[in-house]
Amino acid sequence: MLRDLTLNDMEDRYQWCLDKDVTKYLNVPEKYPPFSREETQKWLQMCINRTNGYEQKAIETEDGKHIGWIDLKNIDKHNKNAEIGIAIGDKNYWGKDYGLSAMREMLIWGFIELELNKIWLRVDIDNKKAIKSYKTIGYIEEGILRQDRLRNGEYIDRLRMSILKGEFFN
Ligand SMILES: CC(C)(COP(=O)(O)OP(=O)(O)OC[C@H]1O[C@@H](n2cnc3c(N)ncnc32)[C@H](O)[C@@H]1OP(=O)(O)O)[C@@H](O)C(=O)NCCC(=O)NCCS
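Position one of the sequence shown corresponds to residue 243 (my numbering), numbered consecutively onward.
This is the structure in structure tokens:
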């Protein structure tokens, strides 16, 4: 399930961001982790107030456990597309279909509520698990973004993928 963020999500988020297995493939600055708790709280507040261009939601299991986050950003209202990002922050919940479920919920929300036509993403070329899960949903490869991310001092290619509203609902 997806729900609105609250400031009570801060500690979980802070802890997840200390976990290098979680942050390895996330496009975050070199100094991250660690963000401080204060910075984490400030970021959540910006998401809640919608002052940073993110539509970010918390991911919960069916019994209400907070396990990650998902967002739409770079929202192009004119051309009706946006970029999606996801992290299951609690590693105990990896590989159990929570990522797929959260992704499906966010796609429905983006296509219906935000009236988007296309949702796209950028994924590190070696993030095999994520790429496989995106293909399972129906994302199509658009192309390789060469040396698109500086990760630990090394330039990494990223794969750009997207899914259209018509493809998803078909
Ligand atoms: C990528 C991520 C969101 C996937 O979420 P998840 O809940 O672990 O994935 P799911 O259980 O929903 O798996 C969906 C599909 O992914 C693939 N997958 C998941 N775990 C896998 C594993 N250990 N090995 C290979 N493929 C795997 C499979 O295709 C699976 O479908 P299947 O069960 O039909 O084979 C999650 O692993 C994560 O948050 N990773 C860290 C942050 C990150 O990389 N974010 C993405 C940045 S672009």
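Beta carbons are placed, not taken as given, at the ideal position from N, Cα and C, and that holds for glycine.
Near residue i, what residues of its chain come up, given a Cβ to Cβ distance below 7 Å and the 5 sequence neighbours on each side ignored?
i, result
"D254", "H308 and G331"
"Y267", "D366, N369 and A372"
"L406", "N359 and K360"
"S278", "none"
On the three-state DSSP scale, how would you describe residue i?
i, result
"L349", "helix"
"D390", "strand"
"G310", "strand"
"D332", "coil"
"K284", "helix"
"E409", "helix"
"G341", "helix"
Considering residue i, what are the terminal residues of the beta strand (DSSP E) in which it resides?
i, result
"V365", "K360 to D366"
"S404", "E396 to L406"
Using a threshold of 8 Å, state whether the C-beta atoms of residue i and residue j are closer than that.
i, j, result
"F410", "G385", "no"
"G329", "V270", "The identity of residue 329 in the sequence shown is Ala, whereas the question assumes Gly. Their beta carbons are not under 8 Å apart, which means A329 does not touch V270 by this criterion."
"E325", "L314", "yes"
"I382", "S404", "yes"
"E347", "L244", "yes"
"D390", "R364", "yes"
"N321", "W362", "no"
"I301", "L356", "no"
For the alpha helix (DSSP H) that contains residue i, what are its first and last residues?
i, result
"D246", "It is not in any alpha helix (DSSP H) - D246 instead sits in the beta strand (DSSP E) that spans L244 to D246."
"K371", "K370 to I379"
"E253", "M252 to C259"
"K262", "K262 to T265"
Once the 5 residues before and after residue i are set aside, which same chain residues still bring their CB inside 6 Å of it?
i, result
"Y296", "C289, D313 and K315"
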